[in-house]
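So the structure is just underneath, and the comments pick up after that.
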Amino acid sequence: RHVRFTADASRLVNLFYPVHDVMDSDYDPATFCTQTVVNHTLEGRRRRLTRIDYQPVRHQFVLDESDPGRPDAPPKHEVQPLPGCVVDLLTALDYMRAQRLQVGDVYRFQVNEGGKTSDVQAAVDLRETVATPAGRFSAVRVRPKLVGGDEGSHLGQLWIWFSDDSRHVPVQIQSHASWGTLTAQLAN
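Residue numbering for the sequence shown follows the numbering used here, beginning at 275 and increasing consecutively.
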């Protein structure tokens, strides 16, 4: 299965700090094990092309990264250990969409985005109506957080609202960190 996520800054923000990110993820729909992630990142002057190939049977992943804006810069190539089946952030969203998502439910899974693997616990904590550019949605809110020693350190506070229907479409994502709040909403 293939999942794509794009993020663009609003028109006003784009004048000062352009953002255009495209993230693609392929995973096995039977196990939700991520197979490949490709990220095209354009954030301000930062440009990155990152590819991660997950090999759970070999207990490793291969990360290749380059800067398309600096073709003379040496690319990054790493082979890192992996505990086995993991999900990336996009696969984690699809995994959550496949669950029943009732208030009080708690789900656990391992996430890897090309570095250390983290244990994540996601709790469904609220049902409410959310207004987005795509319309108003009856939604359930999920609060993922790290489990263990790094609890809360790099995730900040994160909430994801999924439509409260059989499709569980992610309609809003909000993150609070020390530098501010980032909100992504379904546009169409």
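Heads up, the beta-carbon is just placed ideally off N, CA and C, and yes, glycines get one too. In this text the structure is predicted, and so the values were computed from the model without any measurement.
Asked	Found
For D393, the three-state DSSP class (helix, strand or coil)	strand
Proximity winner among L323, S284, L400, relative to A347 (alpha-carbon distances)	L323
Cα-Cα separation, Q395 to R417	8 angstroms
The region 380-389 in contact with the region 450-458 per 3-pair CB rule at 8 angstroms	no
Three-way DSSP call (helix, strand, coil) for G426 in this model	Residue placement at G426 is flagged as unreliable, the pLDDT there being 47, under the threshold of 50; the coordinate-derived value follows with that caveat. Three-state DSSP puts G426 in coil, outside helix and strand.
Secondary structure, alpha helix (DSSP H): runs of 4+ residues fully inside the region 348-380	363-371
When H333, L364, L337, M297 are compared against P444, the one with the closest alpha-carbon	L364
Residue from G389, F306, C307 whose Cα sits closest to the Cα of D338	G389
Through-space distance from T403 to S449, alpha-carbon basis	18 angstroms
As assigned by DSSP and simplified to three states, the class of R415	strand
Inter-residue CB distance, T308 and V360 (contact presumed, cutoff 8 angstroms)	6 angstroms
CB contact flag (R371, F436, <9 angstroms)	yes
Through-space distance from D368 to R275, alpha-carbon basis	10 angstroms
Span of the beta strand (DSSP E), counted from its first residue to its last, around N462	No beta strand (DSSP E) holds N462; DSSP gives it neither H nor E.
Buried or exposed by the 16-neighbour rule on C-beta atoms within 10 Å, applied to S440	exposed
V287, enclosing alpha helix (DSSP H) - first and last residue	285-290
Nearest to A461 (by Cα), restricted to the options P330, W453, A408, V336	A408
Q431 to Y381 span [Cα, whole Å]	17 angstroms
Residue range of the beta strand (DSSP E) that includes V312	308-317
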